[in-house]
Amino acid sequence: MPLLSFIVLAQIALPSPSGYINDFAGVLDLASVSHMEAVIAEVRAKSRGEIAVVTLPDLGNRAASDVALQIGRQWGVGAKGAAGDPAKNLGVVVLLVPLKNHRRGTGQVFIATGRGAEGFLPDARVGRIRDAMTPYLAREDYGAGLTLGVDLIAQAFAREFGFTLTGAPAPPPPDETGQVPLPVGLVIAGVVFLILVTRGRILWWIVALA
């Protein structure tokens, strides 16, 4: 990724990018950053694809989609490669603007894909990934939300290029509704709890539905 002295996006001036995680809003914890860096490095090593994560405190009057696309172009995320090279434009930018003063509806997240990634990260899949991130972002757990997003994007790279992610445990993919499935153990624990508190009455209801 080229390091630029500064980048001006209309009303937005950004300092030079430092690697692939650029927390200009100052909302990420070190553990989340380390996790994402490891996953992104593995994706780059095994597919030559690039994932950039950027947080900004404000976008002025610019749309998140415009800023994310401009970051991808200006920073050259995934742009390396000659014509016909499958790694050309194989980049993804994840842009986050945190909530302002903890007010609902003021935050934004956008995932921009380069042309080389559009085939295996179409709009529908990107939308499901974003939906899976939203519950974490809504409660301002930005590290967890972005980590989940990066992991799911990395899974898409792994499926497309036929490699296994070894740097970090992979999360469950979002289902068709965009939600991350609950762990089986949690579901079983919930059923046992209901049986206990209803003194077994719910067991007859479950058996009747089976």
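In our numbering, the protein residues as written are 50 to 259.
Yeah, the Cβ is synthetic: ideal placement off N, Cα and C, and Gly gets one too.
As the structure is a computational prediction, the values presented were derived from the model and not from experiment.
Query	Result
Which residues in the same chain as ALA161 place their Cβ atom closer than 6 Å to its Cβ, once the five residues preceding and following it in sequence are excluded?	ALA117, LEU118, GLY121, VAL142
Based on the DSSP secondary-structure assignment, which residues constitute the bridge partners of ILE100?	VAL141
My output table needs one value for THR215: the three-state DSSP class, helix, strand or coil.	coil
Three or more C-beta pairs closer than 8 Å, one from the stretch 165-177 and one from the stretch 189-200: is that the case here?	no
For VAL126, collect the residues of the same chain with a Cβ closer than 6 Å to its Cβ; drop the 5 residues on either side in sequence, then sort them by chain order.	GLU99, ALA101, GLY140, VAL142
Quick one: residues in its chain with C-beta nearer than 7 Å to the C-beta of GLU209, no 5 flanking neighbours on either side, listed in chain order?	PHE169
Mark LEU79 as exposed unless 16 or more other C-beta atoms lie within 10 angstroms of its C-beta, in which case mark it buried.	exposed
Grab me the residues of ARG97's own chain with a C-beta within less than 7 Å of its C-beta, minus the 5 sequence neighbours each way, in chain order.	ALA136, LEU139
For SER114, count neighbouring Cβ atoms within 10 angstroms of its own Cβ and tell me buried if that reaches 16, exposed if not.	exposed
Cα separation between LEU105 and ASP72?	7 Å
Would GLY68 pass as a contact of GLU86 if the rule is Cβ separation under 8 Å?	yes
With a CB to CB cut of under 6 Å and the five nearest residues on each side skipped, what residues in its chain are close to PHE159?	ALA113, SER114, ALA117, LEU144
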